Structures are given as C-alpha cells and as structure tokens.
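Below is one structure, written out as structure tokens; the observations come after it.
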DNA sequence: TTGTATGCGTTATCAC
DNA sequence: GTGATAACGCATACAA
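Protein chains in written order, with this note's numbering: chain A, 1 to 336; chain B, 1001 to 1336.
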C-alpha cells in the first residue's frame, strides 16, 4: 500500500484476469458481448488492482472527453459578487450536466490572459463543447470556436451579432410589464438604473424601458450601472440629483436595486411612498430587502438547464434552434 | 474554411515547414535548441494551419494535465446561495491558478453520484491535484486520493481527522473576541446560532462560543442552523422562544445573521438596543444589512489563495506544512 | 465470444 | 541542432 504505487493499466488487469486487453476494455465499457464468467473475473481483477481508466488515453482514441466548459467572460469578482445570476446559471448547467453524467469545467475568463487560456483549452479539445454564461461586446471567441467545429451555446443573445445559438429571456416584455405597473399605480417621473451597455441584458432592459416610456409619452431619466450593488447606489444618487422629484425607478438588476434602496434610505426617501422601486432578476435577496423588492423574475436556473440541453444535443450531432427565449414575469412585493 | 475542418496535427505542421515532428514539438514547447530560421518557419506553419496541440495526447506522455480540481462537497444550492464564502474561495483559487497559468476545474459533488464522478475524474488523472473547498463529517475521499499519490489540500481542518494538509482560520480566537466584546458592552444573556455540526466551521465556532461563555460563567443558549439565511431566521425565532429576554446573539455566519436580523425585526426587537448581533465571515452583505453588521472577518480570498499555493508546491514535489492557520478579526459596525 | 494488431497525437531518448 | 523511433494507455476493426 505504498503512497506512490504504480497505476495499474488495462494490461495489468488483463494479465491478472488471464484475458486480453481488449476483453478488459469491453468489460470496463460495459459491452454486452462478453461471457458472464469472464466478465466476473475481469471485474474481480479490476477491483483487486483498483484499476481506473486513464482518461487522457481514452479520449485520445475516442476523440471525446465527457466534459463541457462553462465560460464566464467576467472578472471573478463579478461572477461571485452576491449577485445570484451567474451562480444560478452555474447551478442549472451543473444539474443538467450531472443528469447526463458529464463533467463541468468552469472557466473564468475575465482577464485577457484568462481569455487566451480558455481558447487554448477549448481548441485543445479538452472539452466536448462550450457554454458562454454571458458575452461582452462582440467577443470573437464563440464564433471562432464554432467555426472550428466545437459545439457552442451562448447565454443571452450575443451583443455583437455573432452567429451562435443562444438561450435568452424576454427582457423587453418583462420591463414593459414593470413600467406599465408603475404607471398604473400613478407614477409619472419614472427613472431607470440601467445595466452595462456592452451586455445584452443591459442593452435590452434599457431599450425596454425607453420604449415603454416613449409609448406612455413620459420623459426618461437614465443612469448607468454595471450590475454591482455599489454601482446601483451611485447611480441612484445621480438620479436623485438629476430629478429630486422622481417618484419611481426601474433598476435593471436586483443587486443594483439593493444598492439603490440603500441610497434612497440615506437620502431620506421612503419606499414605496415617495419612490417606487422595481428590480430585475428575482434573486433570493429580493425577499429579504427592506422592504421586500418588487421585481421582474427571470428563470435563471432554467436558462442554465436549457443552454446545457441545447449544447448536449449539438454535441450529439443534432440540429438545434438558433434561439430559445424564456418568459419573464412581474413579481409584486412591497416596493412598488 | 469548412466548419468541420480536420484538426491539424504536429505531423501536418512538420510537413508544411519541411522539418520533423520532433522539431515542431520543440518549437511549440519553447525549447532553446532550435535554430532561429527553422523556428520561424515552424511558427509560420503553425499559424497558417491554426495548429493547437492536442492536450490529451500531450498529457498521456507527460503524465500531467496542467489543470487542478476544486471540489465543493456541497449541493449546488449551498455553494451558490448568496453566501459569499464558497464563491470567495473559488475566486482566491482562481486567481492563484491563473497566476500559475493552470486551469481550474470546478466540481460540485453534493449528490452521491456527483461524489462518485469526482472520484473517477480525479483518479482518472484528469487533474494534477485536488482542492476540497470544505469537508463534511469524515468524508473518505480526500484520504483516498492522497493515498493514491494525488496531491490534495483541504479548506478547513478535516472534521473526521483525515491526514490531509489543510488551510484554515482561527475560528475560536475570532469568536472569543466577539463574545468578549459583547460582555464588555454589558450583555449577559448571550445566545448563539451555530452552524452545521458536521463541518469544521460549524463545530469550531460553537466550541469557541461555549468556551467563552463558560469562562465568563454565563449560561449558553444554542440553536443550530445550516449556514443558510432561512435557517438563521428559524433559529433566531427558536432562541427568542427559549429566552425572550436574550440581549445578544452570536451568529456563526453573516448570511444566517441576515436571516436573524429579519426575524428580530419581525419579532419587534430593536438592534442593537434590545439585542446585539455579531456575525462571522464579513462578506459584502454585512455592509448593507440594516443596520450594518458587526462581524468576525475571515480572510476568505486568502484561504483560497493559500490552499492553491500549498497544492502547487505539493504537486511540484515539495514538502509542505500539514496545517496553515490564518487570523480572524472583529469588525465593529452597528449591530453590536 | 475472444484475441491480435493498429492508431490516436504527443513527448522523450537516442543517434546522427 | 535535428531526425528517427519508441513509448504513453486505451478502443476498435478485423481475424479467428
């Protein structure tokens, strides 16, 4: 029982079981064409030696690895702030991959170096397919991988218009319902804290806000954040400066909304009496803010699951829809 | 530019450059023993063909993969709740690995199936080493991997006493300072919401609480949660039932403390006037609770970084300390 | 049903 | 400095 015992190979198992390597391979891979007594002997030898297949060798010949990459083109700080969106996607992907008995390889690609390493990794055929949790600007990577024949699915429509299959939610519809609700409850000076304008979620939600206000013939008041809580607070302060009499604000993410609530409290505004607030996402935090946050729910877990299912189908050689759009829903709590 | 173009191999590059495979390999791996003109020609051919080394083939011969696994023996729900502890560790690990130009493979092993898949993956030599973000009970996996000669480092002392090198923080010292602070400010009925008792963080923080109260000759009041926000709220309600007159509570994690604050507000208790609250972790949320949370800071990012450095040294064949313990610190805000 | 032989794409050990 | 050539550990077409 030495600590650095040689790893047993197929060969060793074959010798011990008194059969050929091929037979051992068949047993290990569950081929039905092996006589039961022999199979038993082989399994016995496998157990005795503690044999585990070398995955590198296997994937060298099978041309597949059984693992899939989920790429977060974000700084780690952003992925793991307490914004629950990325984590939710990770969970969805993880669940679906687990069901398929595939391995998840999570890659953070915030830095340029990280981006490059991801590319090497994926093109090096370390994975059978690649998921992008989000995309910034017109990142060329997904298109490049797809062109190399590597199955790729994106979370959110690629902002640059890259031709990559994606799964997204109905941002505009959700925002529209939120704004209508504010208007219906008598609000007239409706501002927004928008998300980053190089991400599709930021772009679409702002577009939705602008369209809804235009239709209602109301003036728009915009400040831009970057989906962090801190940026939400900063943007809220800007808005209050721009228009001290604003009576509602649609914030493009719950985390930013939390920051905004904080800023409003500091500024002495009551929510919802003075200012109504609606967020977007419906992460767990939304239930625990003070007061609990009215928000547009997006099915975060489902995004991850759906992306994964699409990718698995793609990797299996099936044809898939170029776009899947999931519904959003307005969840009424106490801030609007 | 066909979508499923054959991948170029070393052979192809060699042919195009008019040299041998060995030479191409040398150039690709940056060997200095290649004449510059030839090296240039090879690089040219590599670029032209878009050659990328097949990592499976490479690791088959080098016996190393350049990637390391970070295993979260938790349900995904827990890892990616908005508790920032696991994410913080992931970030630390990710940063340090990035600096070393190594790949991070994140594996969730909450379910039994997941646990088994992780074992196959690691013993299958898909990674050069393994990090456990936390350990439950006496999980046999880390010990098993270590015995197979796979470098392993644990985050937190293994509760079961497994002989695996680990990085942990000074739980007891931190809790002790928290309790002393409560006593010094006149609190006498000090309760605790403990963490899960199969995790070292839960065990040690409760032990620290009990020891500090015993020393001060005060009565202990204990409820147990599982590090989720909801469990913090539930436990807080229990405590209020047990002793309606309690005037302070040490909560073993900030997220549970958030739940506890919520429960206290609902119960009509003012914080800190009626009840003082101290958390543990100092995640970003602690700054944003209402009121901002006094808490014991642990250097979460550093835990991840330090674990990774230890693992890299281990994988490089160096000898490492069996235990590294990082300091904690009391951060005073408004709840105590 | 089982065994033999071959190849997957690299790196490493030699000669040259 | 460069080029053959032998592993690395496995899966599979083909033969028996």
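Where a beta carbon is used, it is the ideal one built from N, C-alpha and C, also for glycine. Given the structure is predicted, the values throughout are model-derived calculations rather than measurements.
- Query: If contact means a Cβ-Cβ distance below 9 Å, which residues of the segment 1025-1059 of chain B contact chain A?
  - Reply: 1050, 1052, 1053, 1054, 1055, 1056, 1057, 1058, 1059
Sub-8 Å separation of residue 1250/B and residue 1178/B beta-carbons:
Here residue 1250/B corresponds to residue number 250 of the second chain, with the count starting at 1. Here residue 1178/B corresponds to residue number 178 of the second chain, with the count starting at 1. Cβ distance < 8 Å, so residue 1250/B and residue 1178/B count as in contact.
message = Residues in the same chain with beta-carbon distance under 8 Å from residue 1182/B, minus the five sequence neighbours each way, listed in chain order, please.
response = Here residue 1182/B refers to the residue found at position 182 when the second chain is read from its first residue. Contacts found: 1190, 1248, 1250, 1276, 1278, 1336.
**OP:** Ignore the nearest five residues each way along the sequence and tell me which others in residue 321/A's own chain have a CB closer than 6 Å to its CB.
**Re:** One-based indexing of the first chain puts residue 321/A at position 321. If we look at residue 321/A and ignore the five residues flanking it on each side, it has no Cβ neighbours.
Going along chain B, which residues have a C-beta under 7 Å from residue 198/A?
As a working mapping, residue 198/A is identified with position 198 in the first chain. Going along chain B, no residue has its Cβ under 7 Å from residue 198/A, so there is no contact; the nearest lies around 22 Å.
DSSP-derived helix/strand/coil call for residue 241/A:
For the purposes of this step, residue 241/A is taken as the residue at position 241 of the first chain. Looking at residue 241/A - three-state DSSP - the assignment turns out to be helix.
Mind the definition here: the segment 1040-1049 of chain B touches the segment 1072-1082 of chain B only if three or more C-beta pairs lie below 8 Å; say whether that holds.
no
Next on the checklist: Considering only the alpha carbon of each residue, which of 96/A, 117/A, 113/A, 98/A lies closest to residue 1052/B?
Outcome noted: Residue mapping note: residue 1052/B aligns to position 52 of the second chain, counting from 1. Checked all of 96/A, 117/A, 113/A, 98/A; the closest Cα to residue 1052/B is 117/A.
Compare the C-beta of residue 223/A against all C-beta atoms of chain B and say whether one is closer than 8 Å. In the first chain, the residue the question calls residue 223/A occupies position 223. By this cut-off, residue 223/A is not an interface position.
Which residues of the segment 1101-1129 of chain B have a Cβ closer than 8 Å to any Cβ of chain A? Give them in chain order.
1101, 1103, 1104, 1105, 1106, 1107, 1108, 1111, 1113, 1114, 1117, 1120, 1121, 1123, 1124, 1125, 1126
So which residues on chain A does residue 1076/B lean against when the C-beta distance must stay under 8 Å?
If you number the second chain from 1, residue 1076/B lands on position 76. The contacting residues are 90, 91, 94, 95.
Query - Any chain A beta carbon closer than 8 Å to residue 1334/B - result: Looking up residue 1334/B in the second chain gives position 334. Output row for residue 1334/B: interface = no.
- So which residues of chain B does residue 229/A contact, with C-beta pairs closer than 8 Å? Position 229 of the first chain, counting from 1, holds the residue named residue 229/A. Simply 1284, 1288.
- prompt: Using the beta-carbon of each residue, which ones in chain B are nearer than 9 Å to residue 87/A?
  reply: Translated into the one-based positions of the first chain, residue 87/A becomes position 87. Correct list: 1076, 1079, 1080, 1081, 1082, 1087.
- Query: Would you say the segment 300-319 of chain A touches the segment 80-92 of chain A, given that touching needs at least three Cβ pairs under 8 Å?
  - Reply: yes
*asked:* DSSP three-state label for residue 1002/B, please.
replied: By one-based count along the second chain, residue 1002/B stands at place 2. With a pLDDT of 33 at residue 1002/B, under the threshold of 50, the predicted position of this residue should be treated as unreliable, though the coordinate-derived value follows. If DSSP states are grouped into helix, strand and coil, residue 1002/B belongs with coil.
* To do: Per DSSP, which residues does residue 1280/B bridge with? Please list them.
  => Here residue 1280/B refers to the residue found at position 280 of the second chain. Paired residue(s): 1296/B.
- Message: On the CB-based measure, 16 or more other CB atoms within 10 Å of its CB, does residue 158/A come out buried or exposed?
- Response: Indexing the first chain from 1 puts residue 158/A at position 158. Residue 158/A comes out buried.
Next on the checklist: So, with DSSP's three-state summary, where would you put residue 1126/B?
Outcome noted: As a position in the second chain, residue 1126/B is number 126, starting the count at 1. Three-state DSSP puts residue 1126/B in coil, outside helix and strand.
- Query: By the criterion of Cβ-Cβ separation under 8 Å, what are the contact partners of residue 1098/B in chain A?
  - Reply: Taking the first residue of the second chain as position 1, residue 1098/B is located at position 98. The answer, in chain order, is 108, 111, 113, 114, 117.
Next on the checklist: Counting only Cβ pairs nearer than 9 Å, list the residues of chain A close to residue 1181/B.
Outcome noted: Within the second chain, the letter at position 181 stands for residue 1181/B. Here the premise fails: no neighbours, minimum Cβ distance about 25 Å.
Less than 8 Å between the C-beta atoms of residue 213/A and residue 194/A, yes or no?
Taking the first chain and counting its residues from 1, the one referred to as residue 213/A is at position 213. Taking the first chain and counting its residues from 1, the one referred to as residue 194/A is at position 194. For residue 213/A and residue 194/A, no; Cβs fall outside 8 Å.
### Message
Using a 10 Å radius around the Cβ and a threshold of 16 neighbouring Cβ atoms, would you call residue 165/A buried or exposed?
### Response
Here residue 165/A is taken as the residue at index 165 of the first chain, counted from 1. Its Cβ being crowded by 16 or more others within 10 Å, residue 165/A is buried.
Every unbroken alpha helix (DSSP H) inside the segment 209-259 of chain A [4 residues or more]:
229-242
| request: Could you tell me whether the Cβ atoms of residue 162/A and residue 143/A are closer together than 8 Å? | output: Counted from its first residue, the first chain places residue 162/A at position 162. Counted from its first residue, the first chain places residue 143/A at position 143. Yes, Cβ-Cβ distance for residue 162/A and residue 143/A is below 8 Å.
Close-in-space but distant-in-sequence residues of the same chain around residue 329/A (CB under 6 Å, 5 per side omitted): Numbered from 1 along the first chain, position 329 holds the residue referred to as residue 329/A. Here the set comprises 297.
Identify the contact partners of residue 1258/B in chain A, using a Cβ-Cβ distance below 7 Å as the criterion.
-> Position 258 of the second chain, counted from the start, is the residue given in the question as residue 1258/B. Chain A residues near residue 1258/B: 288.
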